[in-house]
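Peer 1: Sharing a structure, written as structure tokens. Questions coming.
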Amino acid sequence: LGFDYAPYLEGAVKAVIDYQTRANGTGEGTLELDLTPAALNFADAGWRKPAGQAGTAAMSFETKAGLLERLPSFSAEAIGLDAAGSLAMRGAAGAREIDTLEFATLKIGETDAHGRLARLENGGWSIDVAGERVDLVPLLRGAQAAAPQSQSNSAEARVLPPLRITISPDAPLGEVLLAKGAQPIKRLAGTATYDGLRWDNALFDGRVGAGGIFFEIAESEGRRRLILEAADAGAAIGLIGLTDGYADGVL
Numbered sequence: 004l005g006f007d008y009a010p011y012l013e014g015a016v017k018a019v020i021d022y023q024t025r026a027n028g029t030g031e032g033t034l035e036l037d038l039t040p041a042a043l044n045f046a047d048a049g050w051r052k053p054a055g056q057a058g059t060a061a062m063s064f065e066t067k068a069g070l071l072e073r074l075p076s077f078s079a080e081a082i083g084l085d086a087a088g089s090l091a092m093r094g095a096a097g098a099r100e101i102d103t104l105e106f107a108t109l110k111i112g113e114t115d116a117h118g119r120l121a122r123l124e125n126g127g128w129s130i131d132v133a134g135e136r137v138d139l140v141p142l143l144r145g146a147q148a149a150a151p152q153s154q155s156n157s158a159e160a161r162v163l164p165p166l167r168i169t170i171s172p173d174a175p176l177g178e179v180l181l182a183k184g185a186q187p188i189k190r191l192a193g194t195a196t197y198d199g200l201r202w203d204n205a206l207f208d209g210r211v212g213a214g215g216i217f218f219e220i221a222e223s224e225g226r227r228r229l230i231l232e233a234a235d236a237g238a239a240i241g242l243i244g245l246t247d248g249y250a251d252g253v254l
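This note's numbering puts the last residue of the sequence shown at 254; the count rises by one with no breaks.
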């Protein structure tokens, strides 16, 4: 199907495929995978499956001129993993890439969410997300580890791709985990834009500890402004990883 599975999958899998093509060059089929023999590793989500542990995946797919067009449905299950959704591809042969990726269910590691990713023209992602919990600790830990090697303003220095994130106030995230041992942000909603090197703007509000928290990054007249307001200063300071020795207070 044209996917590069490294570094997420290592080892062999057992596959059962049913594929039919038509005279007009289109085709469709189904694929069932026994992932038990393979090792899976999604480090940014804090989840892995060792080889020998049970796991399955299934999908329906559509092709055109021998190239994957869509996965109308896919699913995967293992200990600590339950995912289901759909996917669409774009681009010419040799330059195929994911156009949209939708998760009706995504339970992986500590995350329990659903949402949609759509490719931006700059190669980044527009992300709309909702759900019970999103664990960003593994992702932020990986980005921090890569940051010392990424000090220039070049494309090679990018730790994350360009992002445009939306969490609707009509469906706020139940919990967001940002730092190990810190209190989660609850009922988080807002928007943010990342150009691949820095956050251009961000506006979020939610609750942490005993009260509300408000965070804003905005650019005006060539300067960037950061505003952080929190009713529970101790919880907010712990959240950004400065220390866990404070309690209560206002920030």
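Glycine included, C-beta positions come from ideal geometry on N, C-alpha and C.
Note that the structure is predicted; figures quoted are calculated from it, not measured.
Would you give the residue range spanned by the alpha helix (DSSP H) that LEU299 belongs to?
Peer 2: The requested residue 299 does not occur in the structure, where the chain is confined to residues 4 to 254.
Peer 1: For the 8 Å Cβ check, are there 3 or more pairs between the region 56-71 and the region 17-30?
Peer 2: Because the criterion of three Cβ pairs below 8 Å is met, the region 56-71 and the region 17-30 touch.
Peer 1: Less than 7 Å separating the beta-carbons of PRO40 and ALA60?
Peer 2: For the purposes of this step, residue 40 is taken as the residue at position 37 of the sequence shown. For the purposes of this step, residue 60 is taken as the residue at position 57 of the sequence shown. Going by C-beta atoms, PRO40 is not nearer than 7 Å to ALA60.
Peer 1: When you compare the CB positions of LYS189 and GLY209, do they come within less than 7 Å of one another, or not?
Peer 2: Position 186 of the sequence shown, counting from 1, holds the residue named residue 189. Position 206 of the sequence shown, counting from 1, holds the residue named residue 209. It is a contact, given that the beta carbons lie within the stated cut-off.
Peer 1: At what residues does the beta strand (DSSP E) containing LYS189 begin and finish?
Peer 2: Here residue 189 refers to the residue found at position 186 when the sequence shown is read from its first residue. Start and end: 188-197.
Peer 1: Can you tell me the Cβ-Cβ gap for LEU191 and LEU176, rounded? I've got them flagged as a contact below 8 Å.
Peer 2: Locating residue 191 in the sequence shown gives position 188, counting from the first residue. Locating residue 176 in the sequence shown gives position 173, counting from the first residue. The Cβ separation is near 5 Å, so the contact holds.
Peer 1: Give the DSSP bridge partners of ARG122, in chain order.
Peer 2: Within the sequence shown, numbered from 1, the residue matching residue 122 stands at position 119. Answer is TRP128, bridged to ARG122.
Peer 1: In this structure, how does DSSP classify SER140 when only helix, strand and coil are distinguished?
Peer 2: The count along the sequence shown starts at 1 and reaches residue 140 at position 137. A small correction: the amino acid at residue 140 is Val; Ser does not occupy that position in the sequence shown. Three-state result, VAL140: helix.
Peer 1: From GLY32, PRO53, GLY134, pick the residue whose C-alpha is nearest to that of LEU12; which is it?
Peer 2: The count along the sequence shown starts at 1 and reaches residue 12 at position 9. When each option's Cα is compared against that of LEU12, the closest is PRO53.
Peer 1: Start and end of the beta strand (DSSP E) containing TYR11?
Peer 2: Position 8 of the sequence shown holds residue 11. Run containing TYR11: none; DSSP gives neither H nor E here.
Peer 1: To the nearest angstrom, report how far apart GLY248 and PRO10 are at their CA atoms.
Peer 2: Locating residue 248 in the sequence shown gives position 245, counting from the first residue. Locating residue 10 in the sequence shown gives position 7, counting from the first residue. Confidence at GLY248 is low in this model, with a pLDDT of 43, below 50, so its placement is unreliable and no value can be given for it.
Peer 1: Distance, Cα to Cα, LEU181 vs ILE130?
Peer 2: In the sequence shown, the residue the question calls residue 181 occupies position 178. In the sequence shown, the residue the question calls residue 130 occupies position 127. So the two alpha carbons sit approximately 18 Å from each other.
Peer 1: Only counting the same chain, and skipping five residues up and downstream in sequence, which positions put a Cβ closer than 7 Å to that of GLN186?
Peer 2: For the purposes of this step, residue 186 is identified with residue 183 of the sequence shown, where counting begins at 1. Around GLN186: VAL211, GLY212, ALA238, GLY241, LEU242.
Peer 1: Rounded to a whole number of angstroms, what is the C-alpha to C-alpha distance between LYS110 and GLU224?
Peer 2: As a first step, residue 110 is located in the sequence shown; it is residue number 107 there, counting from the start. As a first step, residue 224 is located in the sequence shown; it is residue number 221 there, counting from the start. So the two alpha carbons sit approximately 42 Å from each other.
Peer 1: Is it right to say TYR197 is buried, meaning 16 or more other beta carbons lie within 10 angstroms of its own, or is it exposed?
Peer 2: To locate residue 197, count along the sequence shown from 1; it is residue 194. Under this definition TYR197 is a buried residue.
Peer 1: Using 8 Å as the Cβ pair cut-off and three pairs as the minimum, do the region 162-169 and the region 112-129 touch?
Peer 2: Touching, yes.
Peer 1: Out of ASN204, MET92, ALA234, VAL19, which has the shortest C-alpha to C-alpha gap to GLY214?
Peer 2: Translated into the one-based positions of the sequence shown, residue 214 becomes position 211. Of the listed residues, the one whose Cα sits closest to GLY214 is ALA234.
Peer 1: At what residues does the beta strand (DSSP E) containing ASP102 begin and finish?
Peer 2: On the sequence shown, position 99 is the one that residue 102 refers to. 100-111 is the extent of the beta strand (DSSP E) around ASP102.
Peer 1: Do you know offhand how far GLY55's Cα is from ALA42's?
Peer 2: Within the sequence shown, numbered from 1, the residue matching residue 55 stands at position 52. Within the sequence shown, numbered from 1, the residue matching residue 42 stands at position 39. Taking the straight line joining both Cα atoms gives about 8 Å.
Peer 1: Check whether the Cβ atoms of MET92 and ASP85 sit closer than 7 Å, and answer yes or no.
Peer 2: Counting from 1 along the sequence shown, the entry for residue 92 is found at position 89. Counting from 1 along the sequence shown, the entry for residue 85 is found at position 82. Going by C-beta atoms, MET92 is not nearer than 7 Å to ASP85.
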